[in-house]
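*Asks:* One structure coming up, written as structure tokens, with questions to follow.
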Amino acid sequence: MEDSRFENLPAQKLYGELLGKLVNVGIVLLFVTFVVYVSGLLPPVIPMEDLPKYWVMPLNEFLEAAGSPTGWGWTQRLGAGDYLTITGIAFLASVSMVCYFVLLFAAAKAGSKIMVAIVAAELLLILLAASNILQSGGH
Amino acid sequence: MQQNQISMPLEPANRRVFPGRQVGRGLLTSSLLLALSPSFALAADASERSALLPWWGWAMALFLTTFVIGVFGVMAGIGGGVLFVPLVGSFFPFHIDFVRGAGLFIALSSSLAAAPSLLKANLASIKLALPVALVASGFSIIGAFLGLWLSALNPAYIQGSLGVLILMIVVIMILSKKSEHPEVRLTDGLAQLLGIGGTYTEGTTGEEIKWTVHNTIKAMVLFAFVGTLAGMFGLGAGWANVPVLNLVMGAPVKVAVATSGFALSITDTTAAWIYLNKGAVLPIVTVPSMAGIMIGARIGAKLLPKVKPSLIRQMVIGVLLLAGIRSLLKAFGI
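Here the protein sequences come in this chain order: A and B. Take any residue in the first sequence, count from 1 to its spot, add 1095: that is its number in our numbering. Take any residue in the second sequence, count from 1 to its spot, add 284: that is its number in our numbering.
Okay, structure coming up:
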């Protein structure tokens, strides 16, 4: 037990490699969708020249004035440049979740109950935050 | 997944103003305006300030600012979020809600960009990061809700407490010391249960360093506090994670810095989703900031061997001091 404590987790390198690849995909996605947005290839819901009027508003006022959806509502507006860009942002916010699933399987395979519990609890937290269940409950 | 209904009709904007060649001029104009214009400095009202530049001018100014933050943040050994939120929140016209949303994504993208190589080099430790991230991310959700609630009551509450926090960070940066290889004589029960420890190769000597930690429970309480602040203000938490991992838990400083960077990629994910789901992430604010910080951080890392870190650190402390005071003044409407 004492010696094994100084061993690095075998899944650490796999996690690093997977994370690196997913982050690269995310950066490309972010760049491409943003270019589509600012170049006007897909017109945004909020006209670019009107943005300075909107970004000074407090969040609640902005949501009302722009008719902007909360939660996963943005996925229903992917035909608009501004909402398409959120795809890249959301992808980058999801990469750790994917890596944690890999870590969960690795921990289960290694028979480490405590690690399975911690990884599962973290995954639950991320899924809870991403699902919008917490926000809906708060309204 | 829960989805909110969309009631507004979609009306894509067909009128477009293409930046084209103006972008180059805008780059210069926007930075000059930001730095020199008395009208900018005097335009206390956000709407007035917002009208000083076209949308693309602000986007370029944001890119430039975050690029500089990225360069200096890496050289000073702090994440970008802690500089971004007070600076952009104080000197740009964007509402603090959108600045905090972008701040979290900046901290997230910086840590995501750095984590793979740190993990592969065994400098960042998953075993150490797992409990840290779990506690901090749980509390960052609470912090995110608390921050958005306070901001809805009165943005000055957030602006003022941000100012106080930034000034506290300045004090921590001035006072905190680092211990290269802290001595851990007796590890604690939780660290034993979780098997926290590891081995890395010291680059300068080629020596294999074995390490473990202690004071795990005390550190978890501190990470709960740090996670709340990170979610509340949209800051990265490297400024607090590193001293706790290094000085409280006894992790070697390189492991502490790397693991803090990696843990942020998980901690900030939860708070970032809260802001995204609340609609507090504006692509025009967030994406240029993420691009600027990532490019700046890479250049900063290359410049690192050629600069004197202590000088850069003093400069960053000075900038944070100004940003903290500015946030406080803004909270009082000054």
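For every residue, glycine included, the Cβ atom is placed at its ideal position computed from N, Cα and C. What you are looking at is a predicted structure, and each value in this text was computed from that prediction instead of being measured.
1) According to a CB-to-CB cut-off of less than 9 Å, which residues of the segment 469-484 of chain B neighbour chain A?
2) Compare the Cα-Cα distances from phenylalanine 1157 of chain A to each of B:Ala475, B:His379 and B:Gly490 and report the closest residue.
3) How far does the beta strand (DSSP E) with threonine 1128 of chain A in it reach, from first residue to last?
4) Determine, for histidine 379 of chain B, whether the minimum Cβ-Cβ distance to residues of chain A falls below 8 Å.
5) Excluding five sequence neighbours on each side, which residues of the same chain lie with their C-beta closer than 6 Å to the C-beta of leucine 1218 of chain A?
6) If leucine 506 of chain B and leucine 1154 of chain A are in contact, beta carbons under 8 Å, what's the gap, nearest whole angstrom?
7) Below 9 Å between beta carbons is the criterion; list the residues of the segment 1100-1112 of chain A that meet it against any residue of chain B, in chain order.
8) With distances taken from CA atoms, which of A:Gly1121, A:Gln1107, A:Leu1198 and A:Ser1099 is nearest alanine 1185 of chain A?
9) Quick check on the burial criterion: 16 or more other C-beta atoms within 10 angstroms. Buried or exposed for phenylalanine 616 of chain B?
10) Are alanine 428 of chain B and alanine 521 of chain B closer than 8 Å when you measure CB to CB?
11) Could you check whether glycine 479 of chain B and arginine 1100 of chain A sit closer than 8 Å to each other, using their CB atoms as the reference points?
12) Once the 5 residues before and after lysine 462 of chain B are set aside, which same chain residues still bring their CB inside 7 Å of it?
13) Residue ranges of each beta strand (DSSP E) run of no fewer than 3 residues wholly in the segment 479-540 of chain B, ordered along the chain?
14) Can you find the residues in the same chain that come closer than 6 Å, C-beta to C-beta, to glycine 515 of chain B, ignoring five residues on each side of it along the sequence?
15) I believe histidine 498 of chain B touches alanine 475 of chain B by the beta-carbon criterion, under 8 Å. Please report the beta-carbon distance rounded to the nearest angstrom.
16) For isoleucine 290 of chain B and leucine 548 of chain B, what's the separation of their Cα atoms in angstroms?
17) Going by CA-CA distance only, name the one from B:Gly545, B:Pro370 and B:Val366 that's closest to isoleucine 609 of chain B.
18) Just confirm the distance between the C-beta atoms of proline 527 of chain B and serine 460 of chain B, as a whole number of angstroms; I'd bet it's less than 8 Å.
19) According to the Cβ coordinates, are valine 1214 of chain A and alanine 1202 of chain A closer than 8 Å?
20) Is threonine 496 of chain B near glycine 481 of chain B, with beta carbons less than 8 Å apart?
21) Leaving out five residues on either side along the sequence, give the residues of the same chain with a beta carbon under 7 Å from the beta carbon of valine 366 of chain B.
22) Touch check for the segment 550-567 of chain B and the segment 328-341 of chain B: three-plus C-beta pairs under 8 Å?
*Replies:* Quick answer:
1) Thr471, Ala475, Gln476, Leu477, Leu478, Gly479, Ile480, Gly481, Gly482, Thr483 and Tyr484
2) B:His379
3) Not the beta strand (DSSP E): threonine 1128 of chain A falls in the alpha helix (DSSP H), residues 1106-1134.
4) yes
5) Tyr1195
6) Wrong, their Cβ atoms sit about 30 Å apart, outside the cutoff.
7) Arg1100, Phe1101, Glu1102, Asn1103, Leu1104, Ala1106, Gln1107, Lys1108, Tyr1110, Gly1111 and Glu1112
8) A:Gly1121
9) exposed
10) no
11) yes
12) Asn530 and Val537
13) 481-485 and 492-496
14) Ser424, Gly427, Ala428 and Ala555
15) 6 Å
16) Note that isoleucine 290 of chain B scores 36 on pLDDT, short of 50, meaning its location in the model is unreliable and no value can be drawn from it.
17) B:Pro370
18) 5 Å
19) yes
20) yes
21) Ile453, Leu519, Gly520 and Trp523
22) no
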